[in-house]
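*Asks:*
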Amino acid sequence: MERREFVNLLGKAWVAGMLPLGQSMAMAAGKLQPPMYGNTRILHFTDCHAQLLPIHFREPNVNIGVGAANGRLPHLVGRNLLKKLPQISSLQDIHAYTYLDFTAAAEKFGKVGGFAHLKTLIDQCRAEAGDGRSILLDGGDTWQGSGTALWTRGKDMVEACNMLGVDVMTGHWEFTYQDSEILENARLFKGDFVAQNIKATEDALFEGIEVHDEDSGHVFKPYVIKEMQGKRVAVIGQAFPYTPVANPRRFIPDWTFGIQEEDLQELVTTIRANEKPDAVLLLSHNGMDVDLKLASRVSGIDAILGGHTHDGVPVPVVVENPGGKTLVTNAGSNGKYLAVLDLKLVNGKVDGFNYTLIPVFSKLIPADAEMAAYISKVRQPYLGKLNEELATAESLMYRRGNFNGTFDQVITDSLTTVLDAQFAFSPGFRWGTSVLPGETITMDRVLDQTCMTYPETYVREMSGEQIKLILEDVCDNLFNPDPYRQQGGDMVRVGGMTYAVEPNGESQNRISEIRDLQGQLIDANKDYKVAGWATVGSKSPGAPVWDVVASYLRDRKTIKIDKLIEPKLKGVAGNLGIADYMGEVT
Amino acid sequence: MEILPARRGFLKNLMAVGAMLVLPASLLAALVRPQAAFKADSATGSVQSLFGQDAVEAADKIRLKVPDIAENGAVVPVTVGTDLEGVESITIIIDNNPTPLSANFNLTDAVSAEVSTRVKMGKSSPVRAVVKAQGKVYYTTKEVKVTIGGCGG
Numbered sequence: 000m001e002r003r004e005f006v007n008l009l010g011k012a013w014v015a016g017m018l019p020l021g022q023s024m025a026m027a028a029g030k031l032q033p034p035m036y037g038n039t040r041i042l043h044f045t046d047c048h049a050q051l052l053p054i055h056f057r058e059p060n061v062n063i064g065v066g067a068a069n070g071r072l073p074h075l076v077g078r079n080l081l082k083k084l085p086q087i088s089s090l091q092d093i094h095a096y097t098y099l100d101f102t103a104a105a106e107k108f109g110k111v112g113g114f115a116h117l118k119t120l121i122d123q124c125r126a127e128a129g130d131g132r133s134i135l136l137d138g139g140d141t142w143q144g145s146g147t148a149l150w151t152r153g154k155d156m157v158e159a160c161n162m163l164g165v166d167v168m169t170g171h172w173e174f175t176y177q178d179s180e181i182l183e184n185a186r187l188f189k190g191d192f193v194a195q196n197i198k199a200t201e202d203a204l205f206e207g208i209e210v211h212d213e214d215s216g217h218v219f220k221p222y223v224i225k226e227m228q229g230k231r232v233a234v235i236g237q238a239f240p241y242t243p244v245a246n247p248r249r250f251i252p253d254w255t256f257g258i259q260e261e262d263l264q265e266l267v268t269t270i271r272a273n274e275k276p277d278a279v280l281l282l283s284h285n286g287m288d289v290d291l292k293l294a295s296r297v298s299g300i301d302a303i304l305g306g307h308t309h310d311g312v313p314v315p316v317v318v319e320n321p322g323g324k325t326l327v328t329n330a331g332s333n334g335k336y337l338a339v340l341d342l343k344l345v346n347g348k349v350d351g352f353n354y355t356l357i358p359v360f361s362k363l364i365p366a367d368a369e370m371a372a373y374i375s376k377v378r379q380p381y382l383g384k385l386n387e388e389l390a391t392a393e394s395l396m397y398r399r400g401n402f403n404g405t406f407d408q409v410i411t412d413s414l415t416t417v418l419d420a421q422f423a424f425s426p427g428f429r430w431g432t433s434v435l436p437g438e439t440i441t442m443d444r445v446l447d448q449t450c451m452t453y454p455e456t457y458v459r460e461m462s463g464e465q466i467k468l469i470l471e472d473v474c475d476n477l478f479n480p481d482p483y484r485q486q487g488g489d490m491v492r493v494g495g496m497t498y499a500v501e502p503n504g505e506s507q508n509r510i511s512e513i514r515d516l517q518g519q520l521i522d523a524n525k526d527y528k529v530a531g532w533a534t535v536g537s538k539s540p541g542a543p544v545w546d547v548v549a550s551y552l553r554d555r556k557t558i559k560i561d562k563l564i565e566p567k568l569k570g571v572a573g574n575l576g577i578a579d580y581m582g583e584v585t
Numbered sequence: 000m001e002i003l004p005a006r007r008g009f010l011k012n013l014m015a016v017g018a019m020l021v022l023p024a025s026l027l028a029a030l031v032r033p034q035a036a037f038k039a040d041s042a043t044g045s046v047q048s049l050f051g052q053d054a055v056e057a058a059d060k061i062r063l064k065v066p067d068i069a070e071n072g073a074v075v076p077v078t079v080g081t082d083l084e085g086v087e088s089i090t091i092i093i094d095n096n097p098t099p100l101s102a103n104f105n106l107t108d109a110v111s112a113e114v115s116t117r118v119k120m121g122k123s124s125p126v127r128a129v130v131k132a133q134g135k136v137y138y139t140t141k142e143v144k145v146t147i148g149g150c151g152g
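First to last, the protein sequences are chains A and B.
Just so you know, we're using numbering that gives the first Met the number 0 here: the first sequence kicks off at 0 and counts up by one.
Just so you know, we're using numbering that gives the first Met the number 0 here: the second sequence kicks off at 0 and counts up by one.
#1: Counting only beta-carbon atoms, is A:Asp472 nearer than 7 Å to chain B?
#2: Is the shortest distance between the beta-carbon of A:Arg586 and the beta-carbons of chain B less than 7 Å?
#3: Classify A:Pro426: buried if its beta carbon has 16 or more other beta carbons within 10 angstroms, exposed otherwise.
#4: Which stretch, first to last residue, makes up the beta strand (DSSP E) that contains A:Pro502?
#5: Any Cβ of chain B within less than 7 Å of the Cβ of A:Val210?
#6: Checking contacts by CB at 7 Å: is B:Asp53 closer than that to chain A?
#7: Given that a residue counts as buried once 16 or more other Cβ atoms are within 10 Å of its Cβ, and exposed if not, what is A:Ala368?
#8: Give me the DSSP bridge partner(s) of B:Asn96.
#9: What are the residues that DSSP puts in a beta bridge with B:Thr90?
#10: Output the distance between the C-alpha atoms of B:Gln47 and B:Thr98, rounded to the nearest integer angstrom.
#11: Quick one: using the 10 Å Cβ neighbour count with 16 as the cut-off for buried, is A:Asp522 buried or exposed?
#12: Could you tell me which chain B residues have their CB closer than 8 Å to the CB of A:Pro469, listed as they occur along the chain?
#13: Check whether the stretch 142 to 149 of chain B touches the stretch 60 to 69 of chain B, taking contact to mean three or more Cβ pairs, one atom from each stretch, closer than 8 Å.
#14: Classify A:Gln517 as buried or exposed, calling it buried when 16 or more other Cβ atoms lie within 10 Å of its own Cβ.
#15: Any chance the stretch 304 to 321 of chain A sits against the stretch 404 to 419 of chain A, with 3 or more Cβ pairs inside 8 Å?
#16: Out of A:Leu51, A:Leu31, A:Phe56 and A:Thr39, which has the shortest C-alpha to C-alpha gap to A:Trp430?
#17: Give me the Cα-Cα distance between A:Asp350 and A:Gly129, rounded to the nearest whole angstrom.
#18: Quick one, which of A:Val493, A:Asn503 and A:Trp532 has its alpha-carbon nearest A:Arg514's?
#19: Using a beta-carbon distance below 7 Å, is B:Pro66 in contact with chain A?
#20: Does DSSP put A:Lys562 in a helix, in a strand, or in coil?
#21: Can you name the start and end residues of the beta strand (DSSP E) that A:His43 belongs to?
#22: At 8 Å on the CB atoms, spell out the chain B contacts of A:Ala423, in chain order.
#23: For the beta strand (DSSP E) containing A:Phe352, name the first residue and the last one.
#24: Looking only at its chain, what residues have a beta carbon closer than 7 Å to the beta carbon of A:Ile270, apart from the 5 residues adjacent to it on each side?
#25: Going along the chain, which residues of its own chain have a beta-carbon closer than 7 Å to the beta-carbon of A:Glu388, five neighbours each way excluded?
#26: Is the Cβ-Cβ distance between A:Phe205 and A:His211 less than 7 Å?
#27: Can you give me the Cβ contacts of A:Met156 inside the same chain, cut-off strictly under 7 Å, excluding the 5 residues immediately before and after it?
#28: Considering only their Cβ atoms, is the gap separating B:Thr139 from B:Ala128 smaller than 7 Å?
#29: Enumerate in chain order the residues of its own chain whose CB-to-CB distance from A:Val359 is below 7 Å, with the five nearest sequence positions on each side excluded.
#30: What three-state label does DSSP hand B:Asn62 in the structure shown?
#31: Using beta carbons (cut-off 7 Å, strictly below), is A:Arg484 in contact with chain B?
#32: Just mark A:Ala294 as buried or exposed, buried being the case when its beta carbon has 16 or more other beta carbons within 10 Å.
#33: First and last residue of the beta strand (DSSP E) that includes A:Pro243?
#34: If you measure between the beta carbons of A:Leu99 and A:Leu575, is that distance less than 7 Å?
#35: Are A:Thr39 and A:Met168 close, meaning C-beta to C-beta below 7 Å?
#36: Note down, in chain order, every chain B residue with its Cβ under 9 Å from the Cβ of A:Phe188.
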């Protein structure tokens with residue numbers, strides 16, 4: 000069915016003359032980058048999750064917006080997005096920004112991203128801008144997401160980013176290494192690691208831990224001024240505000256985060272007064288909904304270059320605030336896109352801009368030889384482990400989406416089967432690449448889904464009441480109507496059970512009808528055997544989750560998800576963030 | 000005198016405590032620990048017990064700084080400040096705690112009216128900052144979310 004739909008789309012595009020011939024010709028000539036506009040070029044990628052090689056990444060068919068976010072970017076999926084942004088018209092772009100006909104389109108257009116291809120594209124963009132007129136920003140989630148990143152403690156990515164020429168970065172999963180390792184990596188990084196919202200705790204300051212500024216308590220530089228042919232651009236760092244909540248605090252016990260909106264406003268005002276910049280940018284790992292709210296409340300920022308929520312949004316959203324207007328962007332994930340923000344800076348002001356999000360189709364961009372050689376060298380010692388063929392996928396495997404993904408269902412099936420549990424929990428991370436039907440699931444691909452510094456599994460007794468509490472709590476982190484009270488992950492994946500969820504419901508009262516797969520309601524007072532992984536409190540005792548999944552796959556040789564088990568959605572019929580949903584929607 | 004900014008908040012609190020210590024011992028016992036107010040099991044009960052009147056909402060008069068989501072429910076940082084004249088006390092109340100009254104600072108004009116402390120929160124709750132100034136009682140409130148965490152992407 001997917002294939003038929005794809006061919007159908009192709010036919011329509013042809014008839015309507017929508018195939019952008021000019022763009023295709025430019026691509027064939029190896030020039031993907033937009034012509035330079037203005038005098039200063041800001042390049043931005045984010046959330047690459049250590050994907051050094053090209054991969055597939057399916058965009059979600061469920062990304063529900065609640066409250067003010069209902070029906071607006073980035074909460075539009077599939078055709079709803081195409082309706083909103085008719086400029087996404089070429090089949091290639093449709094594939095880049097939506098899940099539509101994913102398998103057929105992925106087979107046609109090939110993989111996306113990869114640092115060797117990214118390097119070539121970035122070099123082209125910088126050459127087009129002219130000497131000294133561009134900078135490259137990395138929004139973070141760079142040092143985590145692959146086996147080699149974990150085994151080198153993020154150092155393979157630090158070096159890859161140095162070779163790529165990253166000038167400024169901020170972080171989130173970077174902070175899941177031990178604090179001393181993070182500081183060491185930040186020193187090895189040749190650009191500036193910036194974060195205005197990470198400070199040492201008062202106790203730690205008293206103890207005299209290593210910080211950037213003892214007076215302010217900033218652990219990293221809060222901002223940096225980049226000068227480009229006389230134009231001064233301030234880049235402020237905004238790390239993921241809820242790292243100690245969403246990830247283990249034990250790795251970074253002396254640091255405190257938060258959005259720190261008042262500090263940010265004060266910083267922007269001070270920079271404007273003292274540094275006389277031509278533009279002020281926020282390199283943000285807040286997530287798009289948080290950035291949109293922040294942009295409406297903080298004045299003096301020209302653009303927020305955002306990440307975290309992995310939203311590939313091809314246009315900037317213009318937000319009005321008491322001081323003027325701020326552009327808010329989000330540049331997707333996994334090396335799939337490169338954002339180009341061209342600015343016309345005149346007399347200390349942004350006089351015009353042009354924003355392009357370039358999908359990085361690896362087939363169209365020759366690999367940079369030096370970067371390709373580096374990637375081979377990094378992977379070489381681990382190839383035996385990475386290339387182990389565990390099973391063949393007989394259906395599309397993916398994660399991204401508010402609720403379940405097919406690869407997640409394989410993980411929860413692995414947990415319940417291998418660890419002999421009735422139910423399983425698996426985190427709703429937004430990283431994790433996709434595997435096409437017929438492709439081999441190697442250890443490399445399993446690590447894409449699971450690789451992190453706290454992978455240990457557990458099996459424990461939980462009461463029905465505790466199970467509901469966990470579901471409610473994670474659900475509120477996703478659907479709290481106030482973005483400042485969201486954490487930007489998706490809903491926890493469940494195995495062995497189904498439930499109903501009302502995204503617009505009251506906090507702690509969105510989940511109902513929790514049943515086992517036989518349809519029996521779970522009992523609040525009864526204990527159940529539950530398996531899971533990625534505990535943020537203390538370290539769990541079990542084997543790393545990738546070993547559990549690998550052993551499940553090895554036993555099966557082929558793997559197919561016939562029916563994706565999705566929760567029943569209540570009160571969101573007609574929401575533009577839902578399409579082709581497998582479960583019931585009312 | 001030059002004071003390192005990092006130590007400034009600490010000194011300020013120290014001065015607030017110092018101000019209390021010069022009071023007569025008999026008064027001090029009642030002021031430092033208003034027993035009935037600490038035993039009250041509701042926010043309005045605490046306010047009534049402390050002040051004998053209800054507080055008036057005045058978000059524009061009181062600066063309340065709390066995190067939107069607590070990093071650790073056991074130690075949630077709270078800072079309350081005000082530019083009101085004649086501040087007599089600053090009180091912090093956590094509506095959903097079993098004993099909502101968490102802290103009560105009695106101040107004089109000799110100190111700047113800003114206090115910072117850390118409070119324990121069992122679950123998500125409005126955090127209420129109450130300021131008594133020139134005999135009138137004002138409050139503002141902000142919601143702090145306490146979550147079990149994890150599963151963020």
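Quick reminder that beta carbons are idealized off the backbone N, C-alpha and C, glycines included.
*Replies:* On the basis of the data shown:
#1: Here the question's residue 472 of chain A lines up with position 473 in the first sequence. Cβ-Cβ to chain B under 7 Å: yes for A:Asp472.
#2: An answer regarding residue 586 of chain A cannot be provided, because it is not within the stretch 0 to 585 covered by chain A.
#3: Taking the first sequence and counting its residues from 1, one reaches residue 426 of chain A at position 427. Per the 10 Å Cβ criterion, buried.
#4: For the purposes of this step, residue 502 of chain A is identified with residue 503 of the first sequence, where counting begins at 1. Judged by DSSP secondary structure, A:Pro502 falls outside any beta strand (DSSP E); it is assigned neither H nor E.
#5: Taking the first residue of the first sequence as 1, we reach residue 210 of chain A at position 211. Not an interface residue.
#6: Within the second sequence, the letter at position 54 stands for residue 53 of chain B. Closer than 7 Å: no.
#7: Taking the first residue of the first sequence as position 1, residue 368 of chain A is located at position 369. In summary, A:Ala368 is exposed, with fewer than 16 beta-carbon neighbours lying within 10 Å of its beta-carbon over all protein chains present.
#8: The residue you call residue 96 of chain B lines up with position 97 of the second sequence. According to DSSP, B:Asn96 bridges with nothing at all.
#9: Translated into the one-based positions of the second sequence, residue 90 of chain B becomes position 91. Answer by DSSP bridge pairing, in chain order: B:Asn103 and B:Val129.
#10: For the purposes of this step, residue 47 of chain B is taken as the residue at position 48 of the second sequence. For the purposes of this step, residue 98 of chain B is taken as the residue at position 99 of the second sequence. Here the alpha carbon of B:Gln47 sits roughly 14 Å from the alpha carbon of B:Thr98.
#11: Position 523 of the first sequence, counted from the start, is the residue given in the question as residue 522 of chain A. A:Asp522 is exposed by the Cβ-count criterion.
#12: Indexing the first sequence from 1 puts residue 469 of chain A at position 470. It is worth fixing the name first, because residue 469 of chain A is Ile in this sequence and not Pro. Neighbours of A:Ile469 on chain B, chain order: Ile147.
#13: With contact defined as three or more Cβ pairs closer than 8 Å, the stretch 142 to 149 of chain B and the stretch 60 to 69 of chain B are in contact.
#14: Counted from its first residue, the first sequence places residue 517 of chain A at position 518. Counting the other Cβ atoms within 10 Å of the Cβ of A:Gln517 gives fewer than 16, which makes it exposed.
#15: Contact fails: fewer than three Cβ-Cβ distances are below 8 Å.
#16: As a position in the first sequence, residue 430 of chain A is number 431, starting the count at 1. Among A:Leu51, A:Leu31, A:Phe56 and A:Thr39, the Cα nearest to that of A:Trp430 belongs to A:Phe56.
#17: Translated into positions along the first sequence, residue 350 of chain A becomes position 351. Translated into positions along the first sequence, residue 129 of chain A becomes position 130. Distance from the CA of A:Asp350 to the CA of A:Gly129, rounded to the nearest whole angstrom, comes to 19 Å.
#18: Start at 1 with the first residue of the first sequence, and residue 514 of chain A comes out as number 515. Ranked by Cα distance from A:Arg514, the options A:Val493, A:Asn503 and A:Trp532 are led by A:Val493.
#19: Counting from 1 along the second sequence, the entry for residue 66 of chain B is found at position 67. Answer yes: the Cβ-Cβ gap between B:Pro66 and chain A drops below 7 Å somewhere.
#20: In the first sequence, the residue the question calls residue 562 of chain A occupies position 563. Of the three classes helix, strand and coil, the one that applies to A:Lys562 here is coil, per DSSP.
#21: Here residue 43 of chain A refers to the residue found at position 44 when the first sequence is read from its first residue. Thr39 to Phe44 is the extent of the beta strand (DSSP E) around A:His43.
#22: Here residue 423 of chain A refers to the residue found at position 424 of the first sequence. Those do not exist, as A:Ala423 stays about 13 Å from chain B at its closest Cβ, beyond 8 Å.
#23: Start at 1 with the first residue of the first sequence, and residue 352 of chain A comes out as number 353. Residues Lys348 to Pro358.
#24: As a position in the first sequence, residue 270 of chain A is number 271, starting the count at 1. Apart from sequence neighbours up to five positions away, the residues of its chain that approach A:Ile270 with a beta-carbon distance below 7 Å are Tyr222, Ala233, Pro276 and Val279, ordered along the chain.
#25: Stepping through the first sequence from its first residue, residue 388 of chain A is reached at position 389. Listed in chain order, the non-local C-beta contacts of A:Glu388 below 7 Å within the same chain comprise Thr439 and Thr441, local neighbours out to five positions each way being set aside.
#26: Here residue 205 of chain A corresponds to residue number 206 of the first sequence, with the count starting at 1. Here residue 211 of chain A corresponds to residue number 212 of the first sequence, with the count starting at 1. It is not a contact, given that the beta carbons lie outside the stated cut-off.
#27: Translated into the one-based positions of the first sequence, residue 156 of chain A becomes position 157. Around A:Met156, the same chain offers Ala49, Thr141, Trp142 and Ala148 as residues with beta carbons nearer than 7 Å, after the five sequence neighbours per side are excluded.
#28: If you number the second sequence from 1, residue 128 of chain B lands on position 129. If you number the second sequence from 1, residue 139 of chain B lands on position 140. The answer is yes: Cβ separation under 7 Å.
#29: Taking the first sequence and counting its residues from 1, the one referred to as residue 359 of chain A is at position 360. Val111, Gly112, His116, Leu117, Leu120, Gly334, Lys335, Tyr336 and Leu337, listed in sequence order.
#30: For the purposes of this step, residue 62 of chain B is identified with residue 63 of the second sequence, where counting begins at 1. A small fix is needed here, since residue 62 of chain B is Arg in this sequence, not Asn. B:Arg62 carries a strand assignment under DSSP once its states are collapsed to helix, strand and coil.
#31: Counting from 1 along the first sequence, the entry for residue 484 of chain A is found at position 485. It does; some Cβ of chain B falls within 7 Å.
#32: Translated into positions along the first sequence, residue 294 of chain A becomes position 295. It is buried - the Cβ of A:Ala294 has at least 16 other Cβ atoms within 10 Å.
#33: Position 244 of the first sequence holds residue 243 of chain A. Looking at the DSSP string, A:Pro243 is not in any beta strand (DSSP E); the run it does join, the alpha helix (DSSP H), is Thr242 to Ala245.
#34: Residue mapping note: residue 99 of chain A aligns to position 100 of the first sequence, counting from 1. Residue mapping note: residue 575 of chain A aligns to position 576 of the first sequence, counting from 1. A:Leu99 places its beta carbon 7 Å or farther from that of A:Leu575.
#35: Counting from 1 along the first sequence, the entry for residue 39 of chain A is found at position 40. Counting from 1 along the first sequence, the entry for residue 168 of chain A is found at position 169. Contact: no.
#36: Taking the first residue of the first sequence as 1, we reach residue 188 of chain A at position 189. Near A:Phe188 there are no residues of chain B at all, since even the closest Cβ is about 23 Å away, more than 9 Å.
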